[in-house]
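In terms of our numbering, the sequence shown opens at residue 24 and continues consecutively. Heads up, the beta-carbon is just placed ideally off N, CA and C, and yes, glycines get one too. First up is the structure itself, then whatever we jot down about it.
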Amino acid sequence: MGYVELGRVLVPLNCFIFWKKTRWKPDVCAYNSLVDGLCKSRMVDDTFRLLTKMTDMGISPNVITYSIRLVLNETFTI
């Protein structure tokens with residue numbers, strides 16, 4: 024069981040921030056995992072910010088990213 028399932032999405036988020044300060048460049052899979060966790064934790068603003076950051080960093084969304092985005096839009100927009 025991962026941190027998100029345990030309700031501890033901030034742990035991977037903090038790791039992600041730390042790793043980005045090193046030479047590690049997250050890929051679309053890493054972004055998708057974190058975006059999904061933020062979405063499931065109802066951290067909507069953080070989710071949208073991370074999706075924007077992902078594309079700003081030159082990471083192209085894939086079908087999984089778009090699926091998460093679709094769920095996010097359907098669930099949290101009015």
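T70 is classed as buried because its beta carbon has at least 16 other beta carbons within 10 Å across all chains shown. At a Cβ-Cβ threshold of 8 Å, T88 and V67 do not count as neighbours. Per DSSP, the unbroken alpha helix (DSSP H) holding K76 starts and ends at 67–79.
With fewer than 16 other Cβ atoms from the protein chains shown falling within 10 Å of its own Cβ, M80 counts as exposed. Put simply, the backbone Cα of F99 is about 24 Å away from that of G25. Here DSSP, grouped into helix, strand and coil, assigns I40 to helix. A direct Cα-Cα distance of roughly 10 Å separates T75 from I82.
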